[in-house]
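What follows is a single structure, written as structure tokens, with notes after it.
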Amino acid sequence: MVKNIKSKIGLGPMSPEIIEAVIKASSLLKKSFMLIGTKNQIDWNGGYVNNWTTKKYVEYVNKIRNKYRYNNIYLCRDHCGPGFKHNDSNDIDDVYRTVTDDIENGFDLIHIDFSKISSNKDMVLNESKKIIKYILKIKKEMEIEIGTEENMGDIKDDFLEIKRELNFIKKFVQPQFFVVQTGSLVKEVYQVGQFNRSFILKIHEFLLKNNVKLKEHNSDYLDYEQIKKRKNIVDAINIAPQLGVVQTHIVVSEALIYGINIKPFLERSFESKKWEKWLSISSKENRMLCSILAGHYNFTSDEYKILIFNLEKYIDIRKIIIDRIIDLITYYSDALN
Numbered sequence: 002m003v004k005n006i007k008s009k010i011g012l013g014p015m016s017p018e019i020i021e022a023v024i025k026a027s028s029l030l031k032k033s034f035m036l037i038g039t040k041n042q043i044d045w046n047g048g049y050v051n052n053w054t055t056k057k058y059v060e061y062v063n064k065i066r067n068k069y070r071y072n073n074i075y076l077c078r079d080h081c082g083p084g085f086k087h088n089d090s091n092d093i094d095d096v097y098r099t100v101t102d103d104i105e106n107g108f109d110l111i112h113i114d115f116s117k118i119s120s121n122k123d124m125v126l127n128e129s130k131k132i133i134k135y136i137l138k139i140k141k142e143m144e145i146e147i148g149t150e151e152n153m154g155d156i157k158d159d160f161l162e163i164k165r166e167l168n169f170i171k172k173f174v175q176p177q178f179f180v181v182q183t184g185s186l187v188k189e190v191y192q193v194g195q196f197n198r199s200f201i202l203k204i205h206e207f208l209l210k211n212n213v214k215l216k217e218h219n220s221d222y223l224d225y226e227q228i229k230k231r232k233n234i235v236d237a238i239n240i241a242p243q244l245g246v247v248q249t250h251i252v253v254s255e256a257l258i259y260g261i262n263i264k265p266f267l268e269r270s271f272e273s274k275k276w277e278k279w280l281s282i283s284s285k286e287n288r289m290l291c292s293i294l295a296g297h298y299n300f301t302s303d304e305y306k307i308l309i310f311n312l313e314k315y316i317d318i319r320k321i322i323i324d325r326i327i328d329l330i331t332y333y334s335d336a337l338n
């Protein structure tokens, strides 16, 4: 029996503080949210978020759930497919280990994304079918999100292709969400995409007739008017890198106020080169921007831990981060409702 995931916002679990903020916001606002962990963030054998395995991550989520009584959080796997962790489009066995572990740890939804495996759409769809059938054989009530295209920030009139894909998928599963390229694209600390309302409205009407919800990824940094354009057309949005950038910005700003040396952490972040895919009009010469963009990939580093240790002598930095993230979640939630 397909259950309706009553949430309009998916939020990346970029840090323990952000996870707590999402759960606390759910309790305070009486809203449902999705925690959308990718394979490189959290996985069966660990990820960059607190070095957590999926099991350790779920244990932490459940601990925080118990702290905030009235929350409603869905555990979701985002971009589950080859190439999203090891940059290897052939690591299919690893993806099967991921979904097996997700099922064992009580995930509610898995987003199947085999877009990196091949440019041959038939191959992508067939491999998607195999893993979805594998998932449903183990847990028939698992919710599925389907997305088979890499987000490039452009919109092509591919209505017939979307129709073909959904008709193929519905032969063996009723998906909860279908990821549509709406034009959204995150670069640096901006939303640089262009939302094509008329085209997305046509896709939404088609999906609605098929009892499938339209999901938009890369919805970070949307202003109020941009969000309003999506109301009643886009059923759910995902936000992730913005949360990590906000936390990094808070920590660096507060450290500057209290005269704490930020250079070691910024150097560590810059040298990680995790900023490369986010650059647009800037270059690596803007070391501060690059370091801020890569900050959340380095929250487990000694340099970050020392920064936090020194900040805690003056302020409750953890509470400040949680409160600011809740403010951001509230902004998106209010605009969508």
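Counting with the numbering used here, you get residues 2 to 338 for the letters of the sequence shown.
All C-beta atoms in this analysis are idealised placements derived from N, C-alpha and C, irrespective of residue type, glycine included.
Since we're looking at a predicted model, the values are computed, not measured.
When burial is assigned at 16 or more other CB atoms within 10 Å of the CB, is residue i buried or exposed?
{"i": "Q177", "result": "buried"}
{"i": "G1", "result": "Since the displayed the chain opens at 2 and closes at 338, residue 1 lies outside it and no answer follows."}
{"i": "F281", "result": "Reading off the sequence, residue 281 comes out as Ser, not Phe. Exposed."}
{"i": "V3", "result": "Residue placement at V3 is flagged as unreliable, the pLDDT there being 42, under the threshold of 50; the coordinate-derived value follows with that caveat. Its Cβ having fewer than 16 others within 10 Å, V3 is exposed."}
{"i": "L80", "result": "Note that residue 80 is His in the sequence shown, not Leu. Label assigned to H80: buried."}
{"i": "Y71", "result": "exposed"}
{"i": "G245", "result": "buried"}
{"i": "L76", "result": "buried"}
{"i": "N127", "result": "exposed"}
{"i": "I258", "result": "exposed"}
{"i": "S120", "result": "exposed"}
{"i": "D89", "result": "exposed"}
{"i": "I10", "result": "buried"}
{"i": "D92", "result": "buried"}
{"i": "N67", "result": "exposed"}
{"i": "D335", "result": "exposed"}
{"i": "N299", "result": "buried"}
{"i": "K25", "result": "buried"}
{"i": "F34", "result": "buried"}
{"i": "F173", "result": "exposed"}
{"i": "I330", "result": "buried"}
{"i": "K56", "result": "exposed"}
{"i": "G48", "result": "buried"}
Under the assumption that residue i contacts residue j (Cβ atoms under 8 Å), give the Cβ distance between them as a whole number of angstroms.
{"i": "H112", "j": "R78", "result": "6 Å"}
{"i": "L312", "j": "E226", "result": "About 36 Å separates the two Cβ atoms, so there is no contact after all."}
{"i": "Q248", "j": "I322", "result": "5 Å"}
{"i": "E144", "j": "V181", "result": "At roughly 17 Å, the Cβ-Cβ gap does not stay under 8 Å, so E144 and V181 are not in contact."}
{"i": "L223", "j": "L215", "result": "Not really, about 16 Å apart at Cβ, beyond 8 Å."}
{"i": "I251", "j": "I19", "result": "Actually they are not in contact, since the Cβ atoms of I251 and I19 sit about 11 Å apart, beyond 8 Å."}
{"i": "I240", "j": "Y333", "result": "7 Å"}
{"i": "T149", "j": "D114", "result": "7 Å"}
{"i": "V83", "j": "I132", "result": "As written in the sequence, residue 83 is Pro, which differs from the Val given in the question. Wrong, their Cβ atoms sit about 10 Å apart, outside the cutoff."}
{"i": "I147", "j": "I170", "result": "5 Å"}
{"i": "L290", "j": "E189", "result": "7 Å"}
Bridge partners for residue i per DSSP, in chain order?
{"i": "V180", "result": "K216"}
{"i": "T54", "result": "D44"}
{"i": "F115", "result": "For F115, which the question treats as bridged, DSSP gives no partner whatsoever."}
{"i": "K188", "result": "Y191"}
{"i": "I1", "result": "Nothing can be reported for residue 1: it is not among the residues displayed for the chain, which extend from 2 to 338."}
Which two residues bound the contiguous beta strand (DSSP E) that contains residue i?
{"i": "M124", "result": "No beta strand (DSSP E) holds M124; the alpha helix (DSSP H) holding it covers K122 to I139."}
{"i": "E12", "result": "Note on identity: in this sequence residue 12 is Leu, with Glu being the wrong assignment. I10 to L12 is the span of the beta strand (DSSP E), which, as asked, contains L12."}
{"i": "I330", "result": "Per DSSP, I330 belongs to no beta strand (DSSP E); it is in the alpha helix (DSSP H), I318 to L337."}
{"i": "A237", "result": "A237 to I240"}
{"i": "L223", "result": "Premise fails: L223 is in no beta strand (DSSP E) and is neither H nor E."}
{"i": "F34", "result": "S33 to G38"}
Considering residue i, what are the terminal residues of the alpha helix (DSSP H) in which it resides?
{"i": "L294", "result": "R288 to A295"}
{"i": "R78", "result": "Unbroken run through R78 is the beta strand (DSSP E), N73 to C81; no alpha helix (DSSP H)."}
{"i": "Y97", "result": "I93 to E105"}
{"i": "I234", "result": "Looking at the DSSP string, I234 is not in any alpha helix (DSSP H), and its letter there is neither H nor E."}
{"i": "L29", "result": "P17 to L30"}
{"i": "H205", "result": "R198 to K210"}
{"i": "Y305", "result": "D303 to L312"}
For chain D, is any of its Cβ atoms less than 7 Å away from the one on residue i?
{"i": "S27", "result": "Given the protein chain composition of this structure (a single chain), no chain D is represented."}
Meets three-Cβ-pair contact criterion under 8 Å: the segment 84–100 and the segment 35–50: yes
Sufficient close CB pairs (3 or more, under 8 Å) joining the segment 267–284 to the segment 226–239: no
Segment contact flag, the segment 287–307 with the segment 265–275, C-beta cutoff 8 Å, min 3 pairs: yes
Segment contact, 8 Å Cβ cut-off, at least three pairs: the segment 192–200 with the segment 304–311: no
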